[in-house]
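Numbering (our numbering), first residue to last: -15 to 270. The beta-carbon is built from N, C-alpha and C at its ideal position, and this holds for glycine as well.
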Amino acid sequence: MSSPATDKLASEISSRLKAAGIKDAEKEADELLCLSLNISKSALYARDFSKVTGDAASVLKKLDSLTARRLARQPLQYIAGEVEFFGLSLTVGTGVLIPRPETELLVEILTGILSNKHKPNISVLDLCTGSGCIALTLAKHFPESIVHAVDISETALKYAAANAAANDIKNVTFYTGCLYEPVACMAFDVIISNPPYIKTADIDLLEPEIALYEPVEALDGGTDGLHFYREIIAGAPGHLNEGGIMAFELGDTLAHSVMEIARAAGFHNLTLKTDYSRVERFLIIA
Ligand SMILES: C[S@@+](CC[C@H](N)C(=O)[O-])C[C@H]1O[C@@H](n2cnc3c(N)ncnc32)[C@H](O)[C@@H]1O
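Pasting the structure below:
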């Protein structure tokens, strides 16, 4: 492949993505090209094609097939099969939620709080772990901690376990089950969760990448989006150690309702934090 040829391909793919209403079409076209050539973005931009695997015909065939998947609005991260999250490379695909940048911010906020406490050997419970993104990054950041992570989806937990192995993280145990049920007799210093929080009626209104491809059980927070916050906060007194912390990612407009739920359950030390778009996105309960 020569650079004039790849420039032309990138421009063609970008136009097709743009016509289909896909944002960031140019960037995504470059990504699809890299995946087809099996090279990094930096190699593409440096016009270094020395590591391209496969002949031109096989590259074009792969590019065609990946572009068709993207035009059908399959998320780019599922097509690539991986995502970067807080310094870890995580495998993702059908059946597991794609970790979001907001959730990285939740991890950053919590690591800041925990680092200030100077208590390395904490016990952590990550409820609704999905790909394991929160559990694994906390386990890596606090290697003396013991992290427990629960999800109801066996498919999601297969990704999570594979992600632990691929990143050589050993201080996490994954459990299949509903919320506290698999850890019924245990208590923790930290309970953290990014639970499903979309109102049931709003799921079909989401972008097709989410509504058509991401698992509904990772999205559906019940009629008012609050189902999981109610359950997790109600169960916390039996599972949170003295002086423990809870940390939640919140749905777009749910911050004050979740604070009400927490207050009604007897938690009063509440701190809201905003995300990159200044949405009240995180609740810390200390
Ligand atoms: C919004 S996703 C979050 C995934 C991951 N923590 C993240 O931040 O990317 C919510 C997860 O909750 C899981 N889930 C749904 N209902 C559950 C339940 N009753 N108990 C445990 N996990 C549940 C889903 O399978 C999904 O993986």
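- Excluding sequence positions up to five before and after residue 255, its CB lies within less than 6 Å of the CB of 268, all in the same chain and listed in chain order.
- Secondary structure note for residue 243: its alpha helix (DSSP H) is the uninterrupted segment 239 to 248.
- DSSP places residue 99 outside any beta strand (DSSP E); the residue lies instead in the alpha helix (DSSP H), whose first and last residues are 85 to 101.
- Excluding residues up to 5 positions away in sequence, 171, 172, 175, 230 lie with their Cβ nearer than 7 Å to the Cβ of residue 224 in the same chain.
- The continuous beta strand (DSSP E) containing residue 158 extends over residues 156 to 160.
- When the five nearest sequence neighbours on each side are left out, the beta carbons in the same chain lying within less than 8 Å of the beta carbon of residue 64 are those of 15, 19, in order along the chain.
- Rounded to whole angstroms, the Cβ separation of residue 140 and residue 115 is 7 Å, and the two are in contact under 8 Å.
- By the criterion of a C-beta distance shorter than 7 Å, residue 187 is surrounded in its chain by 195, 200, 203, 204, once the five residues flanking it on both sides are discounted.
- Listed in chain order, the alpha helix (DSSP H) elements of length 4 or more contained wholly in the segment 117 to 184 are 117 to 125, 138 to 150.
- Annotated three-state conformation of residue 25 is helix, per DSSP.
- Counting only unbroken stretches of 3 or more residues, the beta strand (DSSP E) elements lying wholly within the segment 39 to 89 are 66 to 69, 72 to 75, in sequence order.
- The three-state secondary structure of residue 212, taken from DSSP, is helix.
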